[in-house]
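Working notes for the structure below.
Residue numbers (this note's numbering), protein chains in the order written: chain A, -10 to 302; chain B, -10 to 302.
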């Protein structure tokens, strides 16, 4: 049986054809920056065309960046999608209609990625897993007793919006001191630009110019030991350590998987530092919890979305 | 069918006879301050005698303050019991032997209290509940999908040892910035005494003298608007707000129950302030999570221990 999984990201729409837990083909297009949900639906349908269309496809899963109501296929809010200001968009029904009624399921992208890592990546064999996705923002997905936990209102796992510093840096969501404000790339970029505006230049802004401060730029600035890059990444590691420790203490987790664009780029050293920072705060000294890098790279979101579709039909 | 539940606390051993979810009789003795586990076992057996002995009793549950391995009835550590330095004490088997082989079950006291509130108190009808027990320390218990969640190593729910202030006040457990360091009565007492040693006198130390700074003393000092009492309780409220918000954000909880000696004494105003502080930090603006006072008072731990026994046989 064959499924299509779509990872709807802030910069690209990435799709895979999955058979069981194997990826048979992939395709991507740029995420439209204007045109709202209608343009996004068109792009998703385009990627599905690039993948060979829907012949023989049993259903489609979409991982979306934002708050999702899985049952109705509704994207409640997607603040990280440019041009998507609408709330409560029935993305699943819209894509299904464009595909002639094929079943379409929508899942939070971090949940989808965590599910893929659990079934096929770094989380195989573990029962209680937190996936932490460090990219533009910080997403999270939670597996308890081997099952994805969405919670009654669908918000479970949002580790990026747990507090790591009371009255701390303002988060993209408007609250204060959330993990995402310290470890999300968008917030770190804002901070790097503010440092430059108030003080000496830093390599991050020098390399990025007016463009996006990519994970590559972060990695290069770290390698060059730029003081601002070092300090902001230290802050990110420390914030991630607190959030991971709190999740382990509250939930007695086996495994924490760190993925996402920035984490993938910074690699195992970054993840090892997060594990070290978490260990210093975890209450249960003998906790068996491990912190490991994600194994599936860019593919996890789309594969996870396909797995969601397969589990939902 | 009739069960006995024992709440083993730092100051008293409180026992109840429970039929279903109803308490038929109760009794208490002082917790021995020396003599270690053997003296505690003797006191527990004494309380059971005061309750009328074991005729017609199907089993005994014990709620113990500390880390518990439920399956083996083992208390791994109980730092808040004076004279109990031993690790890995098989309390269940020891009490069972003293009672001629009657089944005896041991549970973390905060888990037991949360279970009782869920079955018979403030948590009836809710499915996803966190119990927060604010007393000498800060304990926690977690109900997910209507079931007590112990976690694979038995440490789940330890909200008192989640971080609310990075590199903050040192906790009784030795880590830094944990909730218990701001909201546990023992830690707040240390802080109040340190303030007096370094600065002007405060009413808390004046009332407590060399004795224990009880919840009653905290309530009186607050009523008199003692500045140190006001500030330390403000800090406790703020720390509880952060920890509650983080648990709601991570787990999409319905209900948070605030109980324990200090919370019971300070009453609904204290709990309302915690709810307000939490709301300011919760990511999901429309979260239906409510924060409410515990309903069963002192009885919850012992009743919950009886319920644990009833569920285990």
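Glycine is no exception: its CB is placed at the ideal position from the N, C-alpha and C atoms.
Quick caveat: nothing in here was measured; it's all calculated off a predicted structure.
Residue 147(A) at chain B interface by Cβ criterion, 8 Å:
Sequence index remark: in the first chain, residue 147(A) carries index 158 (1-based). True, the Cβ-Cβ gap to chain B drops below 8 Å.
Any beta-carbon of chain B closer than 8 Å to the one on residue 125(A)?
One-based indexing of the first chain puts residue 125(A) at position 136. No, because no Cβ of chain B sits closer than 8 Å to the Cβ of residue 125(A).
For the stretch 99 to 125 of chain B, list every residue whose C-beta sits within 8 Å of some C-beta in chain A, in sequence order.
116 and 117
In the DSSP assignment, find the beta strand (DSSP E) that holds residue 15(B) and state where it starts and stops.
The count along the second chain starts at 1 and reaches residue 15(B) at position 26. That run of the beta strand (DSSP E) goes 11 to 19.
Quick check on the burial criterion: 16 or more other C-beta atoms within 10 angstroms. Buried or exposed for residue 21(A)?
By 1-based counting over the first chain, the position of residue 21(A) is 32. So residue 21(A) ends up on the buried side.
Length of the line joining the Cα atoms of residue 224(B) and residue 171(B):
Taking the first residue of the second chain as 1, we reach residue 224(B) at position 235. Taking the first residue of the second chain as 1, we reach residue 171(B) at position 182. C-alpha separation (whole angstroms): 6 Å.
Taking beta-carbon pairs under 7 Å, can you tell me which members of the stretch 221 to 245 of chain A lie near chain B?
227, 231, 234, 235, 236, 238, 239, 240, 241 and 243
So residue 191(A) packs on residue 228(A), CB below 8 Å; how close in whole Å?
Residue 191(A) sits at position 202 when you count from the first residue of the first chain. Residue 228(A) sits at position 239 when you count from the first residue of the first chain. Not confirmed; about 20 Å, so no contact.
Within 10 angstroms of the Cβ of residue 11(A), are there 16 or more other Cβ atoms? Answer buried if so, exposed if not.
Here residue 11(A) corresponds to residue number 22 of the first chain, with the count starting at 1. Classification for residue 11(A): exposed.
Residue 97(A) in three-state terms, based on DSSP
Start at 1 with the first residue of the first chain, and residue 97(A) comes out as number 108. DSSP places residue 97(A) in strand when its eight states are reduced to three.
Please specify which runs of the alpha helix (DSSP H), each continuous and at least 4 residues long, are wholly inside the stretch 120 to 178 of chain B, giving them in chain order.
168 to 172
Can you tell which of 237(A), 128(A), 187(A) and 141(A) has the C-alpha that lies nearest to the C-alpha of residue 58(A)?
Indexing the first chain from 1 puts residue 58(A) at position 69. Ranking the options by Cα distance to residue 58(A), first place goes to 141(A).
Residues in the stretch 276 to 299 of chain A with C-beta within 8 Å of chain B's C-beta atoms, listed in sequence order?
276 and 277
For residue 156(A), which residues in the same chain have their Cβ closer than 7 Å to its Cβ, ignoring the five residues on either side in sequence?
Numbered from 1 along the first chain, position 167 holds the residue referred to as residue 156(A). Within the same chain, residue 156(A) has close Cβ partners 165 and 166.
Give a yes or no on whether the C-beta atoms belonging to residue 290(B) and residue 98(B) are separated by under 8 Å.
Translated into positions along the second chain, residue 290(B) becomes position 301. Translated into positions along the second chain, residue 98(B) becomes position 109. Contact: yes.
Please list, in chain order, the chain A residues whose beta carbon lies closer than 9 Å to that of residue 141(B).
In the second chain, counting from the first residue as 1, residue 141(B) sits at position 152. What residue 141(B) touches in chain A: 116, 117, 241, 242, 243 and 277.
Pick helix, strand or coil for residue 103(B), following the three-state DSSP scheme.
Along the second chain, read from residue 1 onward, the residue named residue 103(B) stands at position 114. Reduced to three states, the DSSP call for residue 103(B) is helix.
So for residue 214(A), helix, strand or coil by DSSP?
Translated into the one-based positions of the first chain, residue 214(A) becomes position 225. Three-state DSSP puts residue 214(A) in coil, outside helix and strand.
Can you tell me where the beta strand (DSSP E) with residue 58(B) in it begins and where it stops?
On the second chain, residue 58(B) is found 69 positions in, with the first residue counted as 1. Its beta strand (DSSP E) spans residues 56 to 58.
What residue range does the beta strand (DSSP E) around residue 6(A) cover?
On the first chain, position 17 is the one that residue 6(A) refers to. From DSSP, the beta strand (DSSP E) with residue 6(A) extends over 1 to 8.
Does DSSP put residue 37(B) in a helix, a strand or coil?
For the purposes of this step, residue 37(B) is taken as residue 48 along the second chain, with counting starting at 1. Residue state, collapsed to three classes: helix.
Name the chain B residues whose beta carbon is nearer than 7 Å to that of residue 268(A)?
As a position in the first chain, residue 268(A) is number 279, starting the count at 1. Residues of chain B passing the Cβ test: none, with the nearest at roughly 10 Å.
Using 10 angstroms around the beta-carbon of residue 254(A), count the other beta-carbons present and answer buried if the total reaches 16, otherwise exposed.
Counted from its first residue, the first chain places residue 254(A) at position 265. Classification of residue 254(A): buried, given that the 10 Å Cβ count is 16 or more.
Proximal residues, the stretch 64 to 92 of chain B versus chain A, C-beta separation under 8 Å
none
Which residue from 200(B), 231(B) and 169(B) puts its Cα closest to that of residue 182(B)?
One-based indexing of the second chain puts residue 182(B) at position 193. Looking at the Cα atoms, 200(B) is the closest of the given residues.
For residue 68(B), which residues in the same chain have their Cβ closer than 8 Å to its Cβ, ignoring the five residues on either side in sequence?
The residue you call residue 68(B) lines up with position 79 of the second chain. Around residue 68(B): 55, 161 and 162.
Please list the terminal residues of the continuous beta strand (DSSP E) segment that includes residue 248(A).
In the first chain, counting from the first residue as 1, residue 248(A) sits at position 259. 244 to 248 is the extent of the beta strand (DSSP E) around residue 248(A).
Straight-line CA distance for residue 38(A) to residue 105(B)?
Here residue 38(A) refers to the residue found at position 49 when the first chain is read from its first residue. Here residue 105(B) refers to the residue found at position 116 when the second chain is read from its first residue. Distance between the alpha carbons of residue 38(A) and residue 105(B): 56 Å.
So the alpha helix (DSSP H) residue 80(A) belongs to, where does it begin and stop?
As a position in the first chain, residue 80(A) is number 91, starting the count at 1. Element bounds for residue 80(A): 80 to 87.
Whole beta strand (DSSP E) elements within the stretch 230 to 290 of chain A, 3-residue minimum
244 to 248 and 279 to 282
Backbone CA spacing between residue 62(B) and residue 196(B) [nearest angstrom]:
Here residue 62(B) is taken as the residue at index 73 of the second chain, counted from 1. Here residue 196(B) is taken as the residue at index 207 of the second chain, counted from 1. Cα to Cα, the separation comes out at about 40 Å.
Just to confirm the assignment, what range does the beta strand (DSSP E) spanning residue -3(A) have?
On the first chain, residue -3(A) is found 8 positions in, with the first residue counted as 1. Residues -9 to -3.
Look at residue 278(A) and residue 242(A) and say whether their C-beta atoms are less than 8 Å apart.
Locating residue 278(A) in the first chain gives position 289, where the first residue counts as 1. Locating residue 242(A) in the first chain gives position 253, where the first residue counts as 1. In this structure, residue 242(A) lies closer than 8 Å to residue 278(A) by Cβ.
Tell me, which residues are paired with residue 66(A) by DSSP?
Translated into positions along the first chain, residue 66(A) becomes position 77. Paired residues: 56(A).
Pull up the distance between the alpha-carbon of residue 81(B) and that of residue 266(B), whole angstroms please.
If you number the second chain from 1, residue 81(B) lands on position 92. If you number the second chain from 1, residue 266(B) lands on position 277. Distance between the alpha carbons of residue 81(B) and residue 266(B) is about 40 Å.
Under 8 Å between C-beta atoms, does residue 150(B) make it to chain A?
One-based indexing of the second chain puts residue 150(B) at position 161. For residue 150(B), the answer is yes, since a Cβ of chain A falls inside 8 Å of its Cβ.
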